[in-house]
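Chains as they are written, first to last, in numbering that gives the first Met the number 0: chain A, 0 to 381; chain B, 0 to 516. Ideal Cβ positions, reconstructed from N, Cα and C, are used throughout, including at glycine. Here the structure is a predicted model, which means the values were calculated and not measured.
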Amino acid sequence: MSRRATMLFALVLAPVMSLAASGKVLAEEAQRWAVNMPRGVTSVSNAIYDIHMIAFWICVVIGIGVFGVMFYSMYAHRKSRGAVAANFHENTTAEVVWTIIPALILIVMCIPATSTLLKVYDTSEAEMDIKITAYQWKWQYEYLGEDVVFMSELATPETEIYNTAPKSQYYLQEVSEPLVIPVNTKVRFLITAKDVIHSWWVPDFAVKKDAIPGMVNETWTSVDEPGVYRGECAELCGQGHAFMPIVVNVLEKEEYSAWLSEKKVEVAAIRELTKKTFTLDELMAAGEEAYNRSCASCHMANGEGIPGVFPGLKGSAVATGDISKHLDVVVNGVAGTAMQAFGGQLSEVDLAAIITYERNAWGNDTGDAVQPIDVLKFKQGQ
Amino acid sequence: MAHGPAKGIGRWLFTTNHKDIGTLYLWFSFAMFLLGGSFAMIIRAELFEPGMQIIRPEFFNQMTTMHGLVMVFGAIMPAFVGLANWMIPMMIGAPDMALPRMNNLSFWILPFAFALMASTLFMEGGAPNFGWTFYAPLSTTYAPPTVNYFIFAVHIMGASSIMGSINIIATVLNMRAPGMTLMKMPMFVWTWLITAFLLIAVMPVLAGAVTMMLMDINFGTSFFDAAGGGDPVLFQHVFWFFGHPEVYIIILPAFGVISHIIPTFSRKPLFGYSSMVYATASIAFLSFIVWAHHMFLVGMPIGGELYFMYATMLIAIPTAAKVFNWISTMFRGSMTFETPMLFAIAFVILFTIGGFTGVMVAIAPADVQYHDSYFVVAHFHYVMVAGAVFSGTAAVYYWLPKWCGRMYDESMAKMQFWISFVGFNVTFFPQHFLGLAGMPRRYADYALQFSDWNMVSSIGAFTYGASQLLFLFIVIRTIRSGTPVSEPKVWEGAEGLEWTLPTPVPYHTFSTPPEVK
Ligand SMILES: [Cu+2]
Chain A
0 MSRRATMLFA
10 LVLAPVMSLA
20 ASGKVLAEEA
30 QRWAVNMPRG
40 VTSVSNAIYD
50 IHMIAFWICV
60 VIGIGVFGVM
70 FYSMYAHRKS
80 RGAVAANFHE
90 NTTAEVVWTI
100 IPALILIVMC
110 IPATSTLLKV
120 YDTSEAEMDI
130 KITAYQWKWQ
140 YEYLGEDVVF
150 MSELATPETE
160 IYNTAPKSQY
170 YLQEVSEPLV
180 IPVNTKVRFL
190 ITAKDVIHSW
200 WVPDFAVKKD
210 AIPGMVNETW
220 TSVDEPGVYR
230 GECAELCGQG
240 HAFMPIVVNV
250 LEKEEYSAWL
260 SEKKVEVAAI
270 RELTKKTFTL
280 DELMAAGEEA
290 YNRSCASCHM
300 ANGEGIPGVF
310 PGLKGSAVAT
320 GDISKHLDVV
330 VNGVAGTAMQ
340 AFGGQLSEVD
350 LAAIITYERN
360 AWGNDTGDAV
370 QPIDVLKFKQ
380 GQ
Chain B
0 MAHGPAKGIG
10 RWLFTTNHKD
20 IGTLYLWFSF
30 AMFLLGGSFA
40 MIIRAELFEP
50 GMQIIRPEFF
60 NQMTTMHGLV
70 MVFGAIMPAF
80 VGLANWMIPM
90 MIGAPDMALP
100 RMNNLSFWIL
110 PFAFALMAST
120 LFMEGGAPNF
130 GWTFYAPLST
140 TYAPPTVNYF
150 IFAVHIMGAS
160 SIMGSINIIA
170 TVLNMRAPGM
180 TLMKMPMFVW
190 TWLITAFLLI
200 AVMPVLAGAV
210 TMMLMDINFG
220 TSFFDAAGGG
230 DPVLFQHVFW
240 FFGHPEVYII
250 ILPAFGVISH
260 IIPTFSRKPL
270 FGYSSMVYAT
280 ASIAFLSFIV
290 WAHHMFLVGM
300 PIGGELYFMY
310 ATMLIAIPTA
320 AKVFNWISTM
330 FRGSMTFETP
340 MLFAIAFVIL
350 FTIGGFTGVM
360 VAIAPADVQY
370 HDSYFVVAHF
380 HYVMVAGAVF
390 SGTAAVYYWL
400 PKWCGRMYDE
410 SMAKMQFWIS
420 FVGFNVTFFP
430 QHFLGLAGMP
440 RRYADYALQF
450 SDWNMVSSIG
460 AFTYGASQLL
470 FLFIVIRTIR
480 SGTPVSEPKV
490 WEGAEGLEWT
500 LPTPVPYHTF
510 STPPEVK
């Protein structure tokens, strides 16, 4: 039914499509001019797709009936054809009938809707748990019990967004590091946010759940086919709302285990780096990159911020003053403002590099080199 | 009572005449409609192509927010209050509104509210940018400082609406002509009576919500701040307890207008008058108990989800009854298709499509996919634009000749109808596709697979926008130089007290109440 339904959809609703010629072109055009929901790759997404199609066809049938009568009478009962108005203005039978029939249809629709909803809500017996934390404007994925946690943020460069470079295929749908999960495994997501409300949506999984500060919402998925699936933040969360995509890489189970062990080694290596002493130049180079990734969305790449909303760091008292105050702001954030606590989001190495960068870029020129170990000591000393 | 209107600007500033005040409301709402429309044009221009071309995301959010707020509170609501002011006294045979001075006040505070709100566009930090639904904590902890102006503006609008509603209720309940029992009242009066009660019930809730925001922002409370023991979801419950009835506040008077136009041009009485009244009342009642269907993804317990899903579906029944009644009114009538009728028929078709998608989004599991996507944007523009705006336009074409004694240019008006109709559908129908394909709403920029339909939608929007300028032109031309009409019944099939008055309607009418059969 799926393909035929889509085709019908397309033929009825988008006559443009019928112009496209042969098979391949048609497929490409169908993708560009997509008109329907994806069937998706989970049992829930399939169930939802079916309900959607049932509801759609019920609406089409009712629509044809109702508008059919209307168009008929617009044609047949027009004054220009000499129609003389009848004078009836009520009919109890008809009114009772058209109250009962919609009621019955609705009851019929409620049955699959209820059973699918029960399925959506059934987070029991999950095989693994992933905690998803939303920040303005990125996602943090934490593999509970595995000591693996990382940030996933937009990888599309500003140049593409502001049209100075051509847009790549996955424009605004590519991230620094995708979420990785195994196929055919019931994964439970524990979703929360640190600042405003966001919503984690992957259409192919039919998973969408609000990420709300101070609350942990649960949902789940179990993906039938390996592949790369893309989604986005669905709840307005500020200026970066359109710029915090989701990418999920679904792997075969063995590949997933291999990825996980590799990831653990990587985490250990980064921890190791914390002990190293870097030169000012190394920190500046790493800092610029990390700053642009994590801070520039608010404080701007030129350090000037957005007046009245986000303070500039160029020449700011904090960025040119006492280092421990600077560390405090970045590690712990400023409560009640958009300035988040980055202590838990970034590694010591990144934090040290960013702070060094902020203290020396844009003419701040303090000459301070903050080392990862300083950051670690600051964190531990609290 | 024999005198005419005062001269000069004083006529408008100090007027207590329901027709003058109605006119003020209508012009104000049209001005706001153009303002909100120009915000929409900026939004659609930015979304014409992927990539940020003309504005920055920060400003984009201000545009979507201001578009929603201005259209809902500045354009649509005042438009129907304007129609109520003009028509209710004439329909029930009253000389004026019951509380004419309050009537003046409730209008004149509105321009201040909107001036205050629009002025934030020029302030540091920019205008409100948290969406017209202003969910906390984006609208509290994370809001620009101008949020305080927004809160004050909402309070003023609320006060205006409440005063307007009290006035309508007082007028309808006390000033009907002898013999006009409640069940003989015209549908427009009925729908407004019910709407006025809705407004009085929910505007204070909105005021409560913004006051709690004000406290959270300025006085250290934590109603909506989880860190202080509050709950961001509480905000949504309070907001939608106001917000859901609000959509019926907008649409019920539109139903009323359509229930006059269709019988007139079908030359046949409204089918099922009493069932229309009961349907309106039950829609109004149900509108209070379904609010959380806007919040299916906040993590409600499953019992709550099921309840809100079932309750919401119930609304489809009285709404469907209304559509069936309109179609039965047309059935075996003797129809002609002047512009008001064209808009009314378009209303029935497009509103029904919006109703269909409404039932779809009410299905909680399916809403997992629809929620906060462009599908929802399409849905509510089908009910708000094709519902409220089309019926408002229909009302103006329908009553304008009566008000000013001049007929609009029929062929130009028909052209305006067809441009609006095509423009509207080209704008919003593809948004269903975008939403189903996975494009979230309120996105300043989007992935490449959404490019084509967005471009189509933008082209439609520019067309629709242009058709509104044509509408303005037609109305002004009618008032200044339309063909004079003088028979009381401007339309052959029109029924009701308002059509017994001379055309154009004198400044004071029904100084002695008419007798209703
Ligand atoms: Cu977000």
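Residues of the segment 412-443 of chain B with a C-beta less than 7 angstroms from any C-beta of chain A: F432, L435, A436, G437, P439, R441, Y442, A443, listed in chain order. Put simply, of S274/B, G227/B, F196/B, F222/B the residue whose alpha carbon is nearest the alpha carbon of F241/B is F196/B. T351/B reaches chain A at G62, V65, F66, counting residues in chain order whose Cβ is nearer than 8 angstroms.
With a 10 Å radius around the Cβ and a threshold of 16 neighbouring Cβ atoms, E261/A comes out exposed. At the C-beta level, E287/A and Y356/A come within 7 angstroms of one another.
Collapsing the DSSP output to three states places P483/B in a strand. At a threshold of 6 angstroms, M334/B does not count as near ligand 1, since its beta carbon sits no closer than that to any of the ligand's heavy atoms. For A133/A, DSSP records a beta bridge to W138/A, A192/A.
Residues of chain A whose Cβ lies closer than 7 angstroms to the Cβ of G255/B do not exist; the shortest such Cβ separation is about 17 angstroms. Distance between P268/B and I168/B, taken at the CA atoms: about 26 angstroms.
When DSSP reads this structure, H197/A sits in a beta bridge with A210/A. Near chain A, meaning a CB-to-CB distance below 7 angstroms, the residues of the segment 305-324 of chain B are L305, M308, Y309, M312, A315, I316, A319, A320, V322, F323.
7 angstroms or more divides the Cβ of V246/A from the Cβ of G226/A. At the C-beta level, G9/B and N84/B stay beyond 7 angstroms of one another. Taking a C-beta cut-off of 7 angstroms against chain A, the contacting residues of the segment 31-58 of chain B are P49, G50, M51, Q52, P56, E57, listed in chain order. Within the model, the alpha-carbon separation for T462/B versus V388/B is close to 16 angstroms. In the DSSP assignment, E159/A falls within the unbroken alpha helix (DSSP H) covering 157-160.
Judged by beta-carbon spacing, C294/A lies beyond the 7 angstroms limit of F355/B, meaning their Cβ atoms are not closer than that value.
Here A257/A is exposed. Its C-beta has fewer than 16 other C-beta atoms within 10 Å. In the structure shown, the three-state DSSP call for I245/A is strand. If you keep only unbroken alpha helix (DSSP H) runs of at least 4 residues inside the segment 243-271 of chain B, you get nothing at all. A contact is defined here as three or more CB-CB pairs under 8 angstroms, and the segment 269-279 of chain A fails this definition with respect to the segment 218-237 of chain A.
Note: D224/B is not bridge-paired with any residue in the DSSP secondary-structure output.
Residues of the segment 259-285 of chain B with a C-beta less than 8 angstroms from any C-beta of chain A: S265, R266, K267, P268, L269, F270, G271, Y272, S273, S274, listed in chain order. Following the DSSP letters along the chain, one finds M182/B in no alpha helix (DSSP H), marked with neither H nor E.
Bridge partners of C232/A according to DSSP: W199/A. Contact holds between the segment 407-421 of chain B and the segment 463-482 of chain B, because three or more Cβ pairs, one in each stretch, are under 8 angstroms apart.
Counting C-beta atoms within 10 angstroms of its own C-beta, T194/B has 16 or more neighbours from the protein chains shown and is therefore classed as buried. One thing to note: W131/B has its Cβ no nearer than 7 angstroms to the Cβ of L46/B. Rounded to the nearest whole angstrom, the CA to CA distance from L399/B to R405/B is 8 angstroms. CA-CA distance, L496/B to L82/B, rounds to 16 angstroms. Annotated as distal: T170/B and G492/B, with beta-carbon spacing of 7 angstroms or more. Across the segment 93-105 of chain A, CB contacts with chain B closer than 8 angstroms involve A93, E94, W97, T98, P101, A102, L105, in sequence order along the chain. In the assembly as shown, N217/B is an exposed residue. Its beta-carbon has fewer than 16 other beta-carbons within 10 Å. For A112/A, a Cβ of chain B is located within less than 7 angstroms of the residue's own Cβ. Counting only the Cα atoms, N173/B lies some 16 angstroms from M101/B.
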